[in-house]
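This report refers to the structure that appears directly beneath it.
Numbering (the numbering used here), first residue to last: 22 to 217.
Pasting the structure below:
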């Protein structure tokens with residue numbers, strides 16, 4: 022119990038440090054489906070020589086049949102690169118995860134990224150895909166690994182608002198009691214992203 026409280030304090034400290042960082046562009050994403058809700062606050066710092074630095078904090082709650090009453094908190098940092106010649110946006114970075122899969126604790130450090138294809142000729146439409154993995158060597162608590170991936174179809178309603186239809190899958194391997202894989206989420210979603 023004491024080490025679990027220590028992990029939660031460390032996660033809270035990292036979350037507060039990221040949220041208090043100065044940024045030039047912020048956005049909020051609300052994502053819903055029949056059995057989950059996910060919210061993400063993102064900040065973009067500009068002017069780095071290696072690309073835009075993005076930080077984010079998110080919360081996912083799911084009430085599906087295999088991951089009933091599961092939740093994940095995450096904080097992440099990504100470097101985003103945009104090409105002038107090609108309509109592609111690529112982000113690479115990592116996330117710290119903390120939460121519960123059913124009654125089992127989940128702590129993990131994931132690496133991965135996402136890619137967006139947004140040609141001007143598509144009139145506001147875009148395609149995206151994302152992938153994050155945390156192998157057993159960087160998974161703690163009851164977890165023995167985490168994988169998250171999915172795809173989105175995006176439509177920019179205005180420069181400040183985007184709607185998304187997507188699919189995501191989040192699996193956590195649980196080492197305690199030989200439980201195996203718990204599926205936290207697997208299915209479609211609808212999301213709205215607001216920039217401010």
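C-beta: ideal position from N, C-alpha, C; glycine also. All values reported here derive from a predicted model rather than from experimental measurement.
For residue j and residue i, the rounded distance between their alpha carbons
i           : j           : result
residue 212 : residue 147 : 14 Å
residue 134 : residue 182 : 22 Å
residue 151 : residue 112 : 9 Å
residue 210 : residue 161 : 28 Å
residue 98  : residue 115 : 6 Å
residue 61  : residue 105 : 27 Å
residue 79  : residue 52  : 11 Å
residue 172 : residue 198 : 33 Å
residue 174 : residue 153 : 19 Å
residue 191 : residue 158 : 18 Å
residue 93  : residue 58  : 11 Å
residue 155 : residue 141 : 35 Å
residue 200 : residue 145 : 44 Å
residue 128 : residue 66  : 27 Å
Best match in the options for proximity to residue i [C-alpha to C-alpha]
i           : options          : result
residue 122 : 184, 188 and 202 : 202
residue 177 : 118, 66 and 139  : 139
Inter-residue CB distance, residue i and residue j (contact presumed, cutoff 8 Å)
i           : j           : result
residue 110 : residue 137 : 4 Å
residue 163 : residue 125 : 4 Å
residue 91  : residue 120 : 7 Å
residue 185 : residue 216 : About 13 Å separates the two Cβ atoms, so there is no contact after all.
residue 63  : residue 54  : Actually they are not in contact, since the Cβ atoms of residue 63 and residue 54 sit about 20 Å apart, beyond 8 Å.
Any C-beta of chain D under 8 Å from that of residue i
i           : result
residue 135 : Among the protein chains of the structure shown there is no chain D, as only one such chain exists.
Check your understanding: If you scan the region 165 to 196 from start to end, which runs of the beta strand (DSSP E) of 3 or more residues do you find wholly inside it?
Key -> Runs of the beta strand (DSSP E) lying entirely within the region 165 to 196, each at least 3 residues long, are 182 to 195 in chain order.
Check your understanding: Are at least three pairs of beta-carbons, each pair with one atom in the region 82 to 101 and one in the region 194 to 210, less than 8 Å apart?
Key -> Because the criterion of three Cβ pairs below 8 Å is met, the region 82 to 101 and the region 194 to 210 touch.
Check your understanding: Hey, which unbroken runs of the beta strand (DSSP E) at 3 residues or more fall wholly within the region 117 to 166?
Key -> DSSP runs (the beta strand (DSSP E)) wholly in the region 117 to 166: 125 to 138, 146 to 155 and 160 to 162.
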